[in-house]
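So the structure is just underneath, and the comments pick up after that.
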Amino acid sequence: MMSALSLRAQIETRFPSAFATYRRPELRAILTGISQIDHLTGGVPMHALTEICGTGKTSVLVSLLARASHEHYCALVDAKDAFDPAAAEAAGADLSRLLWVRCGKTKQKLRPLEQTFQVTDMLLQSSGFGLIVVDLSDIPEKIVHKVPPSSWFRFSRVVENQPTALVFVAQHAHATSCAGMVLKLAAGPATFSGKLLTNFNFNVDVLRTREKKGVQSATPDFSIKAQWA
Amino acid sequence: MFACLLVPDFPVQAALLLEAKDEAELLRRSPIAVLDGPSNLPRVIALNDAARNVGIEVGMTKLQVETCGGVYLRKRSVDHEDAAQAALLECASAFSPRVESTCPGTAILDLTGTEKLFGSPEITACKITVSARQIGLHLRIAIAANPDTAMYAARGFAGIAIIPVGDEAKILAPLPVDILPATPELLEVLESWGIHTFKSFAALPSIALTERLGQQGLALQKLAQGRTSRPLKPIEPTPDFIGNHEFEDPIETLEFLTFDLNRVLKEICDQLVAQSLATNELRLTLDLEVRQTRDGKDGEQYKHHWKLPVPTQDRNMLFTLLRLDLERNTFSAPIKKLTIEAVPVKPRMAQGNLFAPPSPEAEKLEITLARIRGVVGSLDAEGISCVGSPQILDTHKSRTFAVQSFSSSVETYSPPAVIPTLALRIFRPALETSVEFTGKAPHFVRLWKKHRRVLAASGPWCSSGNWWNETAAWAREEWDVALKTFEGVGYYRIYLDRVRRQWFVEGVFD
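Chains as they are written, first to last, in our numbering: chain A, 74 to 302; chain B, 441 to 950.
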């Protein structure tokens with residue numbers, strides 16, 4: 074009688090991956106440059122889809138781009154052309170390593186959201202970018218909400234095999250379980266020092282993370298100074 | 441056999457080449473000197489025999505030459521010398537396909553196998569002389585069994601010199617050693633030894649000479665003996681990498697066009713590969729068939745050129761780039777002719793940098809960028825590129841930027857010095873608004889068709905620029921305001937455009 078082991082060996086010779094188990098790639102991360110968030114999350118994971126939403130997301134995005142551009146080539150897919158290069162430069166970004174795709178600026182067949190997703194697909198296929206940020210903040214929420222779950226799933230599976238951190242920035246989280254990490258930011262009161270708006274206070278909620286289960290309810294505060302303060 | 445064509449007093453003859461023929465002949469018999477150097481102290485660098493006869497020498501200043509009187513002066517022109525050299529090479533090319541441009545004013549040609557066409561070396565030399573005279577060049581010609589002997593004979597003897605095989609040393613014997621390509625130190629040594637001519641230099645024992653002057657001395661002695669042997673370095677015509685195809689019937693569909701496009705590109709890439717070259721610039725021209733119109737226009741052209749960040753020989757990549765561009769365009773008329781020109785450059789010799797970050801592959805990236813441009817467009821309404829690297833312009837006006845082409849071969853490295861700063865989400869274009877003031881501070885701001893109460897305000901921050909230029913002048917007064925919205929409190933930047941007297945919302949702090 075054929076033993077289980079020999080049977081397994083025979084099957085494996087014909088179907089090498091028949092008994093292979095799926096292993097997630099080891100997650101490396103890109104730090105955001107904001108110590109509170111980095112301490113809490115360990116940075117934005119590579120090989121995964123991350124969502125940053127709420128008020129304060131652009132400041133986190135700019136800081137992330139600034140940090141990542143020193144170590145990686147970065148791409149920003151800007152659905153509504155709202156990115157401010159001056160802010161990124163002030164934060165210390167190496168703009169020569171940033172590919173900025175401004176969607177919705179010309180009359181095209183596709184609408185800005187469709188353009189954004191198509192461009193993101195192309196950039197993922199191109200490979201070589203360490204960080205791809207997709208800014209959907211100014212797209213109306215009801216439109217982003219219609220994006221089928223299969224799109225998020227496809228992005229998460231594609232990016233799993235690449236040394237890339239794929240970050241979606243939007244008003245609310247949409248990718249649900251496809252996201253490796255979800256950060257929700259909220260703004261506290263801003264500080265006006267005399268006649269000057271000097272800094273903003275934010276708090277961050279880690280709604281989802283694959284790595285650190287215990288910190289999901291942590292909500293540390295942090296403040297970001299204005300460039301002129 | 442090799443013939444050396446030498447233009448004596450080359451700068452002088454080059455200067456005379458552009459003169460009218462009669463005037464040039466007259467000047468040729470008159471003393472003439474060519475000056476070069478700083479404008480305040482030009483010196484003579486070349487002169488003709490007539491000038492030598494009146495006592496002019498190389499190195500004299502303009503003032504010294506003018507004291508001699510009756511000397512025609514010309515300023516040296518590199519362009520004229522290039523034109524004269526090209527004329528010399530063209531003249532030589534009429535007698536041999538293998539012509540070497542040895543140095544300015546000198547060309548050496550290989551006469552092997554030309555006897556049946558032009559006759560004996562003497563007759564060939566005469567024919568070359570006549571041909572050169574017709575274009576205004578007076579030559580010295582020497583024919584010898586090796587190129588170097590022919591060159592030194594041409595330098596040493598006027599007119600036509602024919603050196604039979606085996607008699608090189610004998611004929612070169614009276615030439616002075618200072619025409620050899622020796623260093624001043626070595627010439628000084630030879631002078632101290634009493635060596636003045638090729639004959640005495642050639643007679644020195646080779647071993648003893650090598651012991652004292654090294655290999656350089658031995659090489660010079662071989663030149664003096666006329667025993668050198670080197671291959672000629674013939675000039676090669678620069679190939680042009682242009683391919684074209686004229687359609688029998690003008691075509692309207694992209695499928696037919698891409699078929700021939702691929703074929704023409706393949707020919708060009710094959711040529712590039714054969715020449716060990718690549719291209720980093722591609723020019724496409726499509727001749728369109730346009731029917732006669734009232735203004736007499738009978739044809740139009742579509743032109744486009746691509747500047748690639750890295751040289752390539754990859755036909756598939758070039759074809760994809762062209763195809764993506766053509767797919768984005770619609771043509772007003774059928775296409776009747778296709779022309780592609782590739783600018784040749786040396787191929788990329790790059791070694792990966794261990795310390796550079798992983799980057800997108802340059803060729804693949806170029807195609808990706810072309811595809812992205814196909815989706816989002818190339819330029820916005822202001823003419824700024826929609827795809828590329830942002831670049832902050834060096835101007836006082838805020839929010840001015842350009843978008844330059846993105847390259848994955850950026851060498852810059854700057855240490856991480858990240859300072860998290862508050863970012864503004866920009867509204868492009870800025871939203872027109874109206875502001876109500878209470879005292880000096882804004883009280884209500886109209887945003888998205890609703891009046892929002894200002895909870896706090898910071899400002900005014902005034903800036904202006906280009907006030908000297910009416911069309912480009914700008915002046916603005918900025919306020920950072922906290923507005924009460926449905927979601928809570930929103931922080932916005934508003935500004936007054938003082939030139940247009942209009943308020944705008946520039947962006948939101950986020």
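Don't be surprised by glycine CBs; every beta carbon is placed ideally from N, CA and C.
*Should asparagine 488 of chain B go down as buried or exposed, given a rule of 16 or more other Cβ atoms within 10 Å for buried?*
buried
_I'd like to know whether the C-beta of cysteine 176 of chain A is nearer than 9 Å to at least one C-beta of chain B._
yes
_Buried or exposed for glutamate 688 of chain B, going by 16 or more other Cβ atoms inside 10 Å?_
exposed
*Report, in whole angstroms, the separation of the C-beta atoms of isoleucine 934 of chain B and phenylalanine 944 of chain B, which I expect to be a contact under 8 Å.*
Taking C-beta atoms under 8 Å as the contact rule, isoleucine 934 of chain B and phenylalanine 944 of chain B qualify, at a distance of about 7 Å.
*From B:Leu529, B:Ser479, B:Ser560, B:Gly576, pick the residue whose C-alpha is nearest to that of leucine 466 of chain B; which is it?*
B:Gly576
*Apart from the five residues on each side of it in sequence, which residues of its chain come closer than 6 Å, Cβ to Cβ, to serine 571 of chain B?*
Exclusion of the five residues before and after serine 571 of chain B leaves Cys531 as the residues of its chain whose Cβ lies within less than 6 Å of its Cβ.
*Touch check for the region 271-283 of chain A and the region 156-170 of chain A: three-plus C-beta pairs under 8 Å?*
no
_Please state whether the Cβ-Cβ distance between phenylalanine 681 of chain B and alanine 664 of chain B is less than 9 Å._
no
*Exposed or buried, phenylalanine 926 of chain B, counting other C-beta atoms within 10 Å across all chains shown (16 or more means buried)?*
exposed
_4-residue-minimum alpha helix (DSSP H) runs that sit fully inside the region 107-184 of chain A, ordered along the chain_ = 108-114, 130-141, 158-164
*Select from the region 876-897 of chain B all residues with a C-beta closer than 7 Å to any C-beta belonging to chain A, and list them in chain order.*
Those residues of the region 876-897 of chain B that come within reach of chain A (Cβ to Cβ, closer than 7 Å) are Ala896.
*What first and last residue would you give for the alpha helix (DSSP H) that runs through cysteine 543 of chain B?*
No alpha helix (DSSP H) holds cysteine 543 of chain B; the beta strand (DSSP E) holding it covers 539-543.
*DSSP state of methionine 591 of chain B, grouped into three classes?*
helix
*Taking Cβ positions only, does leucine 761 of chain B come closer than 9 Å to chain A?*
no
*Assign glycine 287 of chain A to one of three DSSP states: helix, strand, or coil.*
With a pLDDT of 49 at glycine 287 of chain A, under the threshold of 50, the predicted position of this residue should be treated as unreliable, though the coordinate-derived value follows. Looking at glycine 287 of chain A - three-state DSSP - the assignment turns out to be helix.
*Below 7 Å between beta carbons is the criterion; list the residues of the region 96-121 of chain A that meet it against any residue of chain B, in chain order.*
Against chain B - using a Cβ distance shorter than 7 Å - the residues of the region 96-121 of chain A are Gly106, Ile107.
*Just by C-beta distance, which residues in the region 793-808 of chain B are closer than 9 Å to chain A?*
Residues of the region 793-808 of chain B whose Cβ lies closer than 9 Å to any Cβ of chain A, in chain order: Pro797, Pro798, Ser799, Pro800, Glu801, Lys804, Leu805, Ile807, Thr808.
*For isoleucine 575 of chain B, which of helix, strand or coil comes out of DSSP?*
coil
*Nearest-angstrom Cα distance between glutamine 198 of chain A and tryptophan 901 of chain B?*
46 Å
_Can you tell me whether asparagine 480 of chain B is helix, strand or coil according to DSSP?_
coil
*So, using beta-carbon positions, are alanine 821 of chain B and proline 830 of chain B closer together than 9 Å?*
In this structure, the beta-carbon distance from alanine 821 of chain B to proline 830 of chain B does not fall below 9 Å.
*Please list, in chain order, all residues of the same chain as leucine 705 of chain B whose beta carbon is under 8 Å from its beta carbon, the five residues on each side excluded.*
Non-local beta-carbon contacts of leucine 705 of chain B in its own chain, meaning distances under 8 Å to residues more than five positions away in sequence, involve Gly683, Arg755, Leu758, Phe759, Leu762, Ile780 in chain order.
*asked:* Please tell me whether, using a cut-off of 8 Å, the distance from the CB of arginine 667 of chain B to the nearest non-hydrogen atom of the ligand GDP is below it.
replied: In the structure shown, the ligand GDP is absent, as is every other ligand, since no ligand is present at all.
_Cβ of aspartate 834 of chain B within 9 Å of any chain A Cβ_ = no
*What separation, rounded to the nearest whole angstrom, lies between the Cα atoms of leucine 620 of chain B and alanine 598 of chain B?*
Going from the Cα of leucine 620 of chain B to the Cα of alanine 598 of chain B covers about 17 Å.
*Integer Cβ distance of lysine 837 of chain B from glycine 905 of chain B, believed to fall under 8 Å*: 6 Å
*Using a Cβ cut-off of 9 Å (strictly closer), state whether glutamine 83 of chain A contacts chain B.*
no
*Determine the DSSP secondary structure at leucine 212 of chain A, reduced to helix, strand or coil.*
A quick correction: the sequence has isoleucine, not leucine, at residue 212 of chain A. Three-state DSSP puts isoleucine 212 of chain A in coil, outside helix and strand.
_Nearest by alpha-carbon distance to valine 730 of chain B: which of B:Arg723, B:Gln741, B:Leu724 is it?_
B:Gln741
*For the region 159-175 of chain A, enumerate the residues whose C-beta is nearer than 7 Å to any C-beta of chain B, in chain order.*
Ala159, Ala160, Glu162, Ala163, Ala164, Gly165, Asp167, Leu168, Ser169, Arg170, Leu171, Leu172, Trp173, Val174, Arg175
*Compare the beta carbon distance of leucine 475 of chain B and alanine 464 of chain B with 9 Å and say whether it is the shorter of the two.*
no
*Quick one: any contact between the region 761-777 of chain B and the region 684-703 of chain B, if contact means 3 or more CB pairs under 8 Å?*
yes
*What are the start and end residues of each continuous alpha helix (DSSP H) run of 4 or more residues lying completely inside the region 801-839 of chain B, in chain order?*
Restricting attention to alpha helix (DSSP H) runs no shorter than 4 residues, the region 801-839 of chain B encloses them at 802-816, ordered along the chain.
*Near glycine 287 of chain A, what residues of its chain come up, given a Cβ to Cβ distance below 7 Å and the 5 sequence neighbours on each side ignored?*
In this predicted model, glycine 287 of chain A has a pLDDT of only 49, less than 50, meaning its place in the structure is not dependable; the value taken from the coordinates is given anyway. Once the five neighbours on either side are set aside, glycine 287 of chain A has no close Cβ partner at all.
*Residues near valine 232 of chain A by beta carbon distance below 7 Å, same chain, minus five either side*: His120, Ala121, Leu122, Leu197, Leu239
*Check each candidate in B:Cys826, B:Ser536, B:Leu528, B:Val605 and name the one with the smallest Cα separation from glutamine 574 of chain B.*
Distances from the alpha-carbon of glutamine 574 of chain B to those of B:Cys826, B:Ser536, B:Leu528, B:Val605 put B:Leu528 closest.
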